[in-house]
Each structure stands twice: as structure tokens, then as C-alpha cells.
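Chains as they are written, first to last, in the numbering used here: chain A, 144 to 475; chain B, 144 to 475.
To start, the structure under review is shown below, and the notes come after it.
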DNA sequence: CTGAAAGCGCTTACAG
DNA sequence: CTGAAAGCGCTTACAG
């Protein structure tokens, strides 16, 4: 296998300079005379040389690689997130090592691997890790930033949409539209996202004098939203309004309503959460809370930079408000 | 920054063995006495040691990292592909370095970077590279496998759905249903995917005695499919059947029809290509050609293994047949 | 089974 | 500006 790779020593030989000089030519900001530079570049081109980032990482003690741990790549909210992360990271000269965690399980068994590759920082999305593991990373000096979830009391910083506030907005909208029989389609129970959205939603409902509402379990997929809606819409006391913990489930709800001939929004208001592009399509026209993805990514990347500089800075949790996007799936 | 990392030398010191021995303990298959192993493991645990994959890569001359270059992460066909690639790669002990290329441009400027990280192989998806660049990679000894596209005559191997055959299937279905006024909504013109699907489609149409059909340009997005359909459905000689080069555009077509009150499939048959999950949703129930994603991924990964072993083996292009999935968006 | 030593391909003080 | 040398953290012949 491995063809003989060309190294800086080879280039040095043909350019008739020292290996250090070759290295300098490929390190921006290092002093090299124009003449020497030209010789080296010519030799490099001739040999097809490019510096070895791995060797560089070893001596530099950082890799310029950011690990992104992600489950649920398949949930339509995330491709956009991943797209933006990789673009932005590349623009600042960093690479992305992508780890695929198993949905619904914590990532404690994945992280040791990530750590072995000596990534400069870890971003964790749509997955949860234990406090112990977060602290283990801190011990290794590898900053961990949680995206769209948080672990109170751990060493991991986090950037989150304000899901509690978002849940409250939904409750307000539904109550103001005069709805009484209301249902919530939950996401996976152990996710902070689900917990917070439900918490804000329920709290506000209670404040408005609605003490009870239906609740069905979902798991953040179209299918589970559809199934939950089938159960809900089959009841004698069919709800007039359904809030689903994310957009893709809300779309499942809408598809169930369509199938059953329940008219939206006349007979049923449906609201989602996320603001994925598909919610805009004519078939759904979904009213939702849009997560401020760009700002969240900005904040995450900023935190990554800061923590790489100062790994022991105190962990912070940054909440950013989402915004209501009114379309046609909910009465107003 | 960089906290003092613990290395095998540190572990050796506290375990009172040589550094080589520590290394052996962490290399499966190396002979170590049980007693020694226990001492080393204890020391390692105590210090929080884990081997440095970067240093290992340098001496081993391979990284166990596969580079995946991808544009269009946001196209719903790809999250699933990426999900499967990363899962399968991880299962065989490999990591994924993800590069995000710009949609519609070639990746010649991204590849030098990929090469610097000394990835063991490169998988390119939804992006095109020049023959020159493919050959440059070959020269570096880094195998390149194209997924879902191919470059005839280059040094890069490829795995593809048989798009020509798929296009023919669509034509057959439409002709058999008795459609005469037919339209094609194209994907980006320079993609082999689009070229082949149209080629098979057009050839079969001609064989069946249909010499002309409408054609609108799209770019593989819902929006562009929607826009193309608006143009098509506004015509006096409105088509009775539309084949869109991928599912997401077909869904845009369906949304345009819905908006205009054109009934599907009674007044309009719509067929897509890909087999994305969303096509199954009640709102669309899209008839389509399903790409055999699993088999394509199997084949790609197999090719990756082979080419890592023998980088100069002759490039091959592997075509795998897709299959017709009939749902309710097309008359039969 | 274990240790001493060389070497992977770089960067960067240290001298000149 | 340039070169000689040390060292990043490993693996793996080579001896014993």
C-alpha cells in the first residue's frame, strides 16, 4: 500500500536548502528570502509535496480539528445545522471530525474515541452525555460545548434555544385563539428540549386557567407524530389544538389530520417547533417556533474559540430566544 | 491553553515498565504478561491516559480516517447517506472527516486540504472533481471513490445508481399510462445524475414514439421544482405528466399542483427519483425510483477497503439498479 | 515477555 | 535569513 510519500526532507534535498527552511516556507509569517522561497516552492511543486497536517498536529499540540458528535442526523433540523457548522469551521481553517452517536443513548462510549484523536474541542448535538464524562473531558483539557441541550451543573458549556419561553409562546397563541381542549405530543422524554418545551407550555397554560391537557408520547419523527395524532383524533373529546415538540412530528400530525379529513386550522390547530424548511411547503404551511439557528451557531463557535484559549474558564449556558412564525396551520 | 497531556512515558514511569511495554498493552495482539498488563492498565486509569491517535497515525502511516466530501448536505437524500456512512465506518474502527463543498462547484480546491490530513481514502458525494485532481490524488496514493456520480476515464472509482435505466423505467410507466404531453424538470445541468436520468428517459420516450417533451430547468431543490411546475402548469398545452430529476423537486411540483387546484394523479402524474422518506408522507405519496442506498454504500465501502489495500488497482465504475416505487402521484 | 533505540514528518528555539 | 538539533507521542524491529 502506502506509496512513498514526499516529505519536507525530500523537498529540501532538491531545493538544496535545509529541512527547516522548507518548513518555514510553508508556515505563514516565517521569514524567508524571496529567492529561497521560490526555489522551495518550485521543488515542492515538482515533487507534489504538501505538508503533513498530522505531523504538524503532533508537534503543535493541536489538530485544528473539531469533533462534532451528532445523533439524529436524519431529523430534518440537523442537516442545516451540520451544514453551517462545517462551512463556518472550514472558513476559519478548521476541520470537522464527525461522530455518529446512537439516538437516545448517551455518548459516553463515543467520547473516549473522540478524545484519542486529540480534537481541539467537541461540539455535541442531539445527544446527551453524563456529567462524569463531561468532567473527564475537562480533565483532558478538551472543551465540550453542547448545542441545543444543556446539563446543569456539569463542566460543559451549552448554547440553547430558550425552549421554556418558546413553549410559553405556543400556549399563549393557542389560548388567545380560544382553544380549550389542547394536546401535547412529546419528544423523547429524557431530552432537555422536550422537558423545557413542555414545561413552558404547561406553565403558561395553567396561568391561563387551563388545568388539563392531553399528552401523547412521540420520538421526534414524522411517524411518531402521525401515530400520536391518530390516537388523539380518534378520541371522543378530540383536541382542537395540538402542539408537537418539533416540526417533523407536527407534520406527521398534519398528515394524520389530512387523512382523516379533519380540516386545519378550522377544526384543528397544529403548532410545531424548530422552523425547518419543509414546514414552509404548501402542503403544511406550519405555524412554529423558529430556533435562531444562525445565532446559536455563532454563539457555539465563539464559545469554542474561547474555551480553546482558556479551557478552564467557568462553563456557561447561553439561552437564545426563538421566534413565532405564523403560517396557516393554527387559528389566531 | 493545552494542559499537560499524559503520554505513554508518564504511564511507564508510574507502572515501572518501559514505554514500549505501555505501547504494547494498548496494541491488541501484542504479547504482554498478565501481570505487566494489569500494572500498566492501573497506572493508565490512574493518570487518565489514552493513546494519542495522531502520534499513532504518524508512525503507522495511516490515520484510520476517511474523508467524505459532500455538498448539498441539505438535500434530504443525503442525511441518510451520511448517517449510514458514518455508522458503518465507525463500526469498522474508522473515523469520518467531513468536508463541505460548495454546491455546484467542483471540489478541486478542497481536496488539497483533505490530502494534507492524510486520510486513508476519500469518498466524494454530491460534488464533482476534475480528472486532473482525481489523478493528483492517485499520485498521492490516496484512493478516491465517487458516490452517486462518475467521471469516465478518470482514476477515480465510482458507485452509482443506474440512472439511465431509472429514467427508462419512468418513461415506460408514463407511456403505459397513456400520457402524451410529458415534461421533464431537470436537475443541475452539469451533474451526471441529471444527464443520465434525462438520457434514459428521453431515449425510451423516443422509442415509444414520443418525439417531443417539455423541459424546465431546476436545481434539485423544492423551490426550483415548485417554480418549474408553476411555469409548466401555466401553459395552454399543460403537461399531463411531469418527471422531476429528484424527489424533492417532485414534491415542489406536487405543492404547485395543490396550490393551483390541479388534481393528482387525475389531471397530472408526477414522478420523482431517489426514494427519500418524505416522499412517503400522506401529503405527497410520491411515485419514484428508489436508489438502492444500502447496496450503494456497501459497494462504496468495499471499494474503499480494496483501494486502501491496492491503491493502483484499475478504477471501476459500479452501477446498481434502482427500483420503481409506485404510490399515488402517478396514474398507472 | 521486555527494554533500548530508531524513526514517522513536522516546528521552533538557538546560534550564526 | 538560514541550518543543526531537539522533541511531539507513538510503533516496531532488534537483542536479550
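Cβ coordinates follow ideal geometry from the N, Cα and C atoms, glycine included.
{"Query": "In its own chain, which residues sit with a C-beta less than 6 Å from the C-beta of residue 373 (chain B), not counting the 5 before and 5 after it?", "Result": "399"}
{"Query": "For residue 431 (chain A), write down the residues that DSSP places opposite it in a beta bridge.", "Result": "A:415 and A:468"}
{"Query": "My understanding is that residue 383 (chain A) touches residue 322 (chain A), with C-beta atoms under 8 Å, so please give their C-beta distance in whole angstroms.", "Result": "5 Å"}
{"Query": "Opposite residue 301 (chain A) in the DSSP bridges: which residues?", "Result": "A:289 and A:460"}
{"Query": "Under 7 Å Cβ to Cβ from residue 101 (chain A), same chain only, skipping five residues before and after it: list those, please.", "Result": "Nothing can be reported for residue 101 (chain A), as the shown portion of chain A is limited to 144 through 475."}
{"Query": "Given this structure, state the Cα-to-Cα distance separating residue 200 (chain A) from residue 216 (chain A), to the nearest angstrom.", "Result": "29 Å"}
{"Query": "Hey, how far is the Cα of residue 431 (chain A) from the Cα of residue 361 (chain A)?", "Result": "17 Å"}
{"Query": "Would you check whether the ligand NAP has a heavy atom nearer than 7 Å to the C-beta of residue 153 (chain A)?", "Result": "The ligand NAP is not part of the structure shown, which contains no ligands of any sort."}
{"Query": "If we ignore side chains and look at the alpha-carbon of each, how far apart do residue 416 (chain A) and residue 444 (chain A) end up?", "Result": "23 Å"}
{"Query": "Could you work out which residues of chain A lie near residue 217 (chain B), taking near to mean beta carbons separated by less than 7 Å?", "Result": "222, 223 and 226"}
{"Query": "Rounding to the nearest angstrom, what Cα-Cα distance links residue 376 (chain A) and residue 464 (chain A) in this structure?", "Result": "32 Å"}
{"Query": "Taking the alpha-carbon positions, what's the residue 391 (chain A) to residue 165 (chain B) distance?", "Result": "50 Å"}
{"Query": "Are the beta-carbon atoms of residue 340 (chain A) and residue 368 (chain A) separated by less than 8 Å?", "Result": "no"}
{"Query": "Who pairs with residue 243 (chain B) in a beta bridge, going by DSSP?", "Result": "B:213"}
{"Query": "According to DSSP, simplified to helix, strand and coil, what is residue 253 (chain B)?", "Result": "coil"}
{"Query": "Name the residues in the stretch 227-239 of chain A whose C-beta lies less than 8 Å from a C-beta of chain B; which are they?", "Result": "229, 230, 233, 238 and 239"}
{"Query": "Could you tell me whether the Cβ of residue 196 (chain A) comes closer than 8 Å to any Cβ of chain B?", "Result": "yes"}
{"Query": "Output the boundary residues of the beta strand (DSSP E) element that contains residue 268 (chain A).", "Result": "264-268"}
{"Query": "Are the CB atoms of residue 413 (chain A) and residue 393 (chain A) within a distance shorter than 8 Å?", "Result": "yes"}
{"Query": "Using a Cβ-Cβ distance under 8 Å, would residue 389 (chain B) count as near chain A?", "Result": "no"}
{"Query": "Within a Cβ cutoff of 8 Å, which residues of the same chain sit near residue 406 (chain B), ignoring the five residues on either side of it in sequence?", "Result": "400"}
{"Query": "Measure the alpha-carbon distance for residue 335 (chain B) versus residue 273 (chain B) and round it to whole angstroms.", "Result": "13 Å"}
{"Query": "Determine whether the Cβ of residue 200 (chain B) lies closer than 8 Å to any Cβ atom of chain A.", "Result": "yes"}
{"Query": "When you compare the stretch 349-356 of chain B with the stretch 265-280 of chain B, are there three or more beta-carbon pairs, one atom per stretch, that lie closer than 8 Å?", "Result": "no"}
{"Query": "Judging by CA-CA distance, which residue of A:472, A:327, A:205 and A:195 is the nearest neighbour of residue 195 (chain B)?", "Result": "A:205"}
{"Query": "Between residue 419 (chain A) and residue 222 (chain A), what straight-line distance do the alpha-carbon atoms span, to the nearest angstrom?", "Result": "10 Å"}
{"Query": "Does chain B have any CB closer than 8 Å to the CB of residue 381 (chain A)?", "Result": "no"}
{"Query": "At what residues does the beta strand (DSSP E) containing residue 320 (chain B) begin and finish?", "Result": "Unbroken run through residue 320 (chain B): none, as it is neither H nor E."}
{"Query": "Select from A:458, A:442 and A:438 the residue whose C-alpha is nearest the C-alpha of residue 466 (chain A).", "Result": "A:438"}
{"Query": "Please look up how many angstroms separate the CB atoms of residue 156 (chain B) and residue 168 (chain B), rounded, as I've assumed it's under 8 Å.", "Result": "Wrong, their Cβ atoms sit about 14 Å apart, outside the cutoff."}
{"Query": "Would you decide whether residue 282 (chain A) is buried or exposed? Buried here means 16 or more other CB atoms lie within 10 Å of its CB.", "Result": "exposed"}
{"Query": "Output the distance between the C-alpha atoms of residue 288 (chain A) and residue 189 (chain A), rounded to the nearest integer angstrom.", "Result": "43 Å"}
{"Query": "Tell me whether residue 329 (chain B) is buried or exposed, calling it buried when 16 or more other Cβ atoms sit within 10 Å of its Cβ.", "Result": "buried"}
{"Query": "Whose C-beta lies closer than 7 Å to the C-beta of residue 403 (chain B) among residues of the same chain, with five residues either side of it excluded?", "Result": "376"}
{"Query": "Classify residue 239 (chain B): buried if its beta carbon has 16 or more other beta carbons within 10 angstroms, exposed otherwise.", "Result": "buried"}
{"Query": "Considering only their Cβ atoms, is the gap separating residue 451 (chain A) from residue 411 (chain A) smaller than 8 Å?", "Result": "no"}
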